[in-house]
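**Student:** Protein chains in written order, with our numbering: chain A, 10 to 254; chain B, 523 to 723.
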Amino acid sequence: MARTKQVNAQNNGSQPSSSKSNGTGVEKARSPSPDASDRPLGPLSVTVPAYEREEVKVNNANLTELKNACDDAVKRFLSRPELFKQQYLHTDIRLALGWLSVFVAAGTAFYGYKVEFEQSKPVVTIGLVLYIILTTLSTLYAYFVEGDTIFVGKRKTFSKRIITERITLSSSSPPLPKNTSCPSYSVSLQYVRSTNGGKTLLGRGRTTGAAEYSRFFDEAGVMDQPGFEKWVGGLVESAMDGKAA
Amino acid sequence: MFADEFKVFKRLGLRHLLLQVLSLVSSLTLALMLWHGLMIATNCESPVVVVLSESMEPAISRGDLLFLSNLASERYKTGDIVVYKIPGADTPIVHRVIERHDVPSTVDIRQYTKFAKVSKGTGRGSSSKLCGPSQLLLTKGDNNPVDDTELYRGLEWLEKGHIVGKVNGFLPYVGYVSIAMNGSSGLKYAVLGGLCLMVLL
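#1: With which residues is B:A563 paired in a DSSP beta bridge?
#2: If you reduce the DSSP assignment to three classes, tell me which class B:D526 lands in.
#3: Taking the C-alpha atoms as reference points, what is the distance between B:A712 and B:Y698?
#4: I'd like to know whether the C-beta of A:A114 is nearer than 8 Å to at least one C-beta of chain B.
#5: Mind listing the chain A neighbours of B:R537? Cutoff is C-beta to C-beta under 8 Å, in chain order.
#6: Could you please give me the residues that DSSP links to A:L198 through a beta bridge?
#7: With DSSP collapsed to three states, give me the class of A:T148.
#8: Find the residues of chain B that neighbour A:V111, judging by a C-beta separation of less than 8 Å, and give them in chain order.
#9: Would you give the residue range spanned by the alpha helix (DSSP H) that A:D101 belongs to?
#10: Taking just the CA atoms, how far does A:N69 sit from A:T189?
#11: Which first and last residues belong to the alpha helix (DSSP H) in which A:K84 is found?
#12: Using only CA atoms, which one of A:K165, A:P235 and A:L92 lies nearest to A:R62?
#13: Whose Cβ in chain A lies nearer than 8 Å to the Cβ of B:E567?
#14: A:V241 and A:E64 - do their beta-carbons sit closer together than 8 Å?
#15: Check whether the Cβ of A:K163 lies closer than 8 Å to any Cβ atom in chain B.
#16: On the criterion of 16 or more Cβ atoms from any shown chain inside 10 Å, does B:C718 qualify as buried, or is it exposed?
#17: Which residues of chain A have a Cβ atom closer than 7 Å to the Cβ of B:H558, listed in chain order?
#18: Can you pull the chain A residues whose beta carbon is under 9 Å from the beta carbon of B:L541, in chain order?
#19: Listing by chain order, which chain B residues have their CB less than 7 Å from the CB of A:K130?
#20: Does the segment 669-684 of chain B come into contact with the segment 607-619 of chain B, if we say contact requires no fewer than three beta-carbon pairs (one atom in each stretch) closer than 8 Å?
#21: Closer than 7 Å between beta carbons: that is the criterion. Which residues of the segment 140-161 of chain A meet it against chain B?
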């Protein structure tokens with residue numbers, strides 16, 4: 010109970026500043042700026058008790074591990090009960106295609122093992138072609154449709170009317186620019202808020218942000234989760250406010 | 523020890539587990555499918571074989587890995603090194619073709635292949651009628667004093683149906699791994715176990 014009261018107070022507290030920035034937002038952005046009074050909870054308003062966190066420690070010389078740790082932190086951060094619900098469409102399609110190709114391969118191999126070679130050739134060829142098609146589809150899907158996306162979230166809130174929000178985050182580790190010595194984590198968000206079953210667009214925002222990995226990982230490779238979450242939360246909230254950056 | 527793992531999996535969910543298992547299994551299936559692809563492409567039951575005897579020295583030594591092909595349109599020539607399997611014999615044999623006869627499809631090949639046991643062979647020989655004349659071959663190991671007639675178990679000639687494939691190339695010494703693994707089962711399990719560990723870690 011106490012926690013919800015605190016959250017509402019914070020939200021009300023942030024109203025005047027967001028309506029102020031909304032004014033400039035409208036001038037900059039061509040897309041409609043969301044109405045401040047309608048704005049649902051942003052991620053910075055929902056706190057996480059410290060004892061619930063697990064320490065994240067990675068090898069900070071390995072760029073893949075750093076990026077994966079940041080991606081996982083984003084997913085954990087935005088999937089909390091008060092916030093977005095992760096949409097698993099990309100994952101499910103990749104899983105379905107992958108497991109189907111495994112079963113096709115296993116079936117083909119088993120058939121080839123049981124039946125004598127000359128007789129088995131047509132069926133094995135069909136199985137092989139099917140496997141190649143499925144694997145190609147899965148790879149193309151992951152490369153083109155899914156791309157850099159790490160999180161797709163959806164949320165329905167009710168305040169005066171049912172508001173549906175959809176947020177998509179994609180991240181990458183862009184190559185080192187000449188003046189810095191540390192690689193950075195670049196994240197870009199797309200945010201849409203609508204109502205009336207998706208027919209009325211309330212607001213849209215697009216933000217990108219980049220920060221060096223050394224800002225969130227110390228020498229031992231331990232991740233500063235509150236700091237990271239604050240940075241991502243700020244980006245999400247500015248997307249929710251409709252800033253097109 | 524496993525309590526930790528279960529906690530992690532419960533938190534991360536079923537999808538995560540499925541993804542992890544998929545990445546493990548898909549490397550296995552890729553290897554399997556590549557092997558079958560090679561089988562279909564070379565039209566050969568066993569496109570890669572290991573040499574066990576020294577009957578083809580100095581051209582091919584024991585422990586060599588051979589790459590075979592057996593395309594339907596293949597015409598074997600004198601001097602080709604082929605791997606053949608006599609029905610009823612345990613292992614395939616790799617020797618060189620020293621005599622070749624092309625029998626046009628107008629002639630019944632069965633006049634030249636004496637024994638009843640060979641009827642399986644002629645069945646396959648007649649299917650290759652579509653690809654032109656069938657062939658009758660005689661082989662001999664380079665290092666053997668006599669030709670292979672003794673090894674044919676009553677056949678006078680080899681036919682295309684008996685041939686597993688023609689040797690297109692080889693890698694020396696690599697086959698010793700397979701020979702060693704087949705020899706002592708302990709080594710086989712050690713190598714398999716090592717491979718599994720490498721994939722997991």
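Ideal Cβ placement from N, Cα and C applies to all residues, glycine included.
**Tutor:** Taking the structure as given:
#1: In the DSSP assignment, B:A563 forms no beta bridge with any residue.
#2: Looking at B:D526 - three-state DSSP - the assignment turns out to be helix.
#3: Here the alpha carbons of B:Y698 and B:A712 stand approximately 16 Å from one another.
#4: At a cut-off of 8 Å between beta-carbon atoms, A:A114 makes contact with chain B.
#5: In chain order: Y97, T100, D101 and L104.
#6: Answer is A:L178 and A:T216.
#7: Judged by DSSP in its simplified three-state form, A:T148 adopts helix.
#8: Simply L544, V547, S548 and T551.
#9: Its alpha helix (DSSP H) spans residues L98 to K123.
#10: Between A:T189 and A:N69, the C-alpha separation is close to 17 Å.
#11: Counting along the chain, the alpha helix (DSSP H) containing A:K84 begins and ends at L72 to L87.
#12: Among A:K165, A:P235 and A:L92, the Cα nearest to that of A:R62 is on A:P235.
#13: Within chain A, the residues near B:E567 are F126.
#14: The beta carbons of A:E64 and A:V241 sit no closer together than 8 Å.
#15: Not closer than 8 Å to any Cβ of chain B, the Cβ of A:K163 fails to qualify, so no.
#16: Around the beta-carbon of B:C718, fewer than 16 other beta-carbon atoms lie within 10 Å, marking it exposed.
#17: For B:H558, the chain A residues whose Cβ falls inside 7 Å of its Cβ are T117, A118, G121, V133 and L137, in order along the chain.
#18: Neighbours of B:L541 across chain A, judged by C-beta separation under 9 Å: T100, R103, L104 and G107.
#19: Taking the beta carbon of A:K130 as reference, the chain B residues within 7 Å of it are I562, listed in sequence order.
#20: Segments in contact, yes.
#21: Taking 7 Å as the Cβ-Cβ cut-off against chain B, the residues of the segment 140-161 of chain A that qualify are Y140.
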